[in-house]
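Presented below is the structure to which this report refers.
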Amino acid sequence: MISTIILSLFTSINNLYIHHIMSGFEINKLFASLILAIVLVIIIGIIGNIIINPNNKNEQNAYKIEIPDSNDSNTSLASNSVSNEIVPISNLLINASIENGKKIYKKCGTCHAIKKEGKSKIGPSLWNIVNNRKANADGFAYSNALIQFGGHWPYEELNFFLYNPKSYIPGTKMNFVGIKKPQDRADLILWLRENSDQPSPLP
Numbered sequence: 001m002i003s004t005i006i007l008s009l010f011t012s013i014n015n016l017y018i019h020h021i022m023s024g025f026e027i028n029k030l031f032a033s034l035i036l037a038i039v040l041v042i043i044i045g046i047i048g049n050i051i052i053n054p055n056n057k058n059e060q061n062a063y064k065i066e067i068p069d070s071n072d073s074n075t076s077l078a079s080n081s082v083s084n085e086i087v088p089i090s091n092l093l094i095n096a097s098i099e100n101g102k103k104i105y106k107k108c109g110t111c112h113a114i115k116k117e118g119k120s121k122i123g124p125s126l127w128n129i130v131n132n133r134k135a136n137a138d139g140f141a142y143s144n145a146l147i148q149f150g151g152h153w154p155y156e157e158l159n160f161f162l163y164n165p166k167s168y169i170p171g172t173k174m175n176f177v178g179i180k181k182p183q184d185r186a187d188l189i190l191w192l193r194e195n196s197d198q199p200s201p202l203p
């Protein structure tokens, strides 16, 4: 490419020299222009090689984004993650406050009944929930996530669930941000325990 441009410039100068009577000053101007053109072509070539380096074909030009396998987001891993990051409440239940638990329950009472014969509201009745099996309220349409999770509601599992329901059981219908203070969770669970014909033994 460079040789073609230079050859073209020389040809143009030769034609001008043949067909016109040129002064020495005009010839000097043409040669100066020729030199300037050559320098510009060389500079452009160097810049082009810097911008587009043919030796870097194997280099990655973008960040690689790792997409986790959907199987890694299953319920088991999610529940383990939550249970590993929160404080157990077994020791906190010893000095837990039923009165404070009753106050905290007001956050739950909008969606849940807690009377023995209480009908389910937006959420299922919480009567006799401690150590009872999951998804046990007759006639309530539980999420498939909770049904498949299975098992019962022992103290610590209620603790994990109340900390962050959607993280502990992904897919649950329970739209609740959770209770972050360990003692508040212990107080609430102690209050729930009292709402049963036969309260479960403390751990």
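Under this note's numbering, read the sequence shown as residues 1 to 203, first letter to last. The beta-carbon is built from N, C-alpha and C at its ideal position, and this holds for glycine as well. Source: prediction; values computed, not measured.
| Check | Outcome |
| --- | --- |
| Residues of its chain near Asn175, where Cβ-Cβ distance is below 6 Å and the 5 sequence neighbours each way are ignored | none |
| Segment limits, alpha helix (DSSP H) that includes Gln183 | 182 to 194 |
| Nonlocal neighbours in the same chain, by C-beta distance under 8 Å from Lys119, ignoring five residues either side | Ala113, Ser125 |
| Exposure label - Val130; buried when at least 16 CB within 10 Å | buried |
| Ser200 versus Leu40, Asn128, Asn95, residue with shortest Cα-Cα distance | Asn128 |
| Sub-7 Å separation of Leu162 and Ile179 beta-carbons | yes |
| Closest Cα partner of Glu117 within the set Leu34, Gly45, Ser196 | Ser196 |
| Cα-Cα separation, Phe140 to Cys111 | 13 Å |
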